[in-house]
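Numbering (the working numbering), first residue to last: 84 to 222. Have a look at the structure below, then the notes.
Written out as structure tokens, the structure is:
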């Protein structure tokens, strides 16, 4: 069985960085739920995760996510990460801007039976939209 931190590295960064979505079927539970206020609702299970990763890869084909910290305790793994990329594709109906972004975020994964069953994340969505010029800075 793959350890939780290895699965978390795949879930948080590797799938986005490489586009390799095949391990999602092995690592993500059928009842997986994504909790992210910056992302529209997704289907449950591996398919929802695949939509998440492929959607961001389509919008930012050069996306690179670096895991800055990773902690495991019991059935949870928490990670702090940094994402960088150039917006050359559509994102949730927003046309591409051609601009680069760098954002940070945190993700907490909950495991059951060796698979990810829940993902709670908060990241700098507003900062990304400002960097892309979609939302202007106040003042």
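Even glycine gets a Cβ: it sits at the ideal position worked out from N, Cα and C.
**Request:** Answer with buried or exposed for residue 193, where buried requires no fewer than 16 other C-beta atoms within 10 angstroms of its C-beta.
**Result:** Locating residue 193 in the chain shown gives position 110, counting from the first residue. With 16 or more Cβ atoms within 10 Å of its Cβ, residue 193 is classed as buried.
**Item:** Whether residue 214 touches residue 182 by CB criterion (8 Å)
**Value:** To locate residue 214, count along the chain shown from 1; it is residue 131. To locate residue 182, count along the chain shown from 1; it is residue 99. Cβ atoms of residue 214 and residue 182: closer than 8 Å.
**Message:** Looking only at its chain, what residues have a beta carbon closer than 8 Å to the beta carbon of residue 108, apart from the 5 residues adjacent to it on each side?
**Reply:** The residue given as residue 108 occupies position 25 in the chain shown. Counting only Cβ-Cβ distances below 8 Å, and skipping sequence neighbours, we find 129.
**Message:** List, from N- to C-terminal side, the alpha helix (DSSP H) runs of 4 residues or more that fit wholly inside the stretch 161-220.
**Reply:** 208-214
**Message:** DSSP three-state label for residue 95, please.
**Reply:** Along the chain shown, one-based indexing puts residue 95 at 12. It is helical.
**Prompt:** How would you call residue 173, buried or exposed, if buried means at least 16 neighbouring beta carbons within 10 angstroms?
**Reply:** Locating residue 173 in the chain shown gives position 90, where the first residue counts as 1. The residue in question, residue 173, is exposed, as its Cβ has fewer than 16 Cβ neighbours within 10 Å.
**Prompt:** Mind checking if residue 149 is an interface residue toward chain D, Cβ cutoff 8 Å exclusive?
**Reply:** No chain D is present in this structure, which holds just one protein chain.
**Message:** Going by beta-carbon coordinates alone, are residue 184 and residue 211 separated by less than 8 Å?
**Reply:** Taking the first residue of the chain shown as position 1, residue 184 is located at position 101. Taking the first residue of the chain shown as position 1, residue 211 is located at position 128. Yes, they are a contact pair.
**Message:** Spatial neighbours of residue 118 within its chain, please: C-beta separation below 6 Å, excluding the five flanking residues on both sides.
**Reply:** Working through the chain shown from its first residue, we reach residue 118 at position 35. Within the same chain, residue 118 has close Cβ partners 203.
**Message:** Classify residue 91: buried if its beta carbon has 16 or more other beta carbons within 10 angstroms, exposed otherwise.
**Reply:** Indexing the chain shown from 1 puts residue 91 at position 8. Classification of residue 91: buried, given that the 10 Å Cβ count is 16 or more.
**Request:** Using 10 angstroms around the beta-carbon of residue 102, count the other beta-carbons present and answer buried if the total reaches 16, otherwise exposed.
**Result:** As a first step, residue 102 must be located in the chain shown, where it is residue number 19. With fewer than 16 other Cβ atoms within 10 Å, it is exposed.
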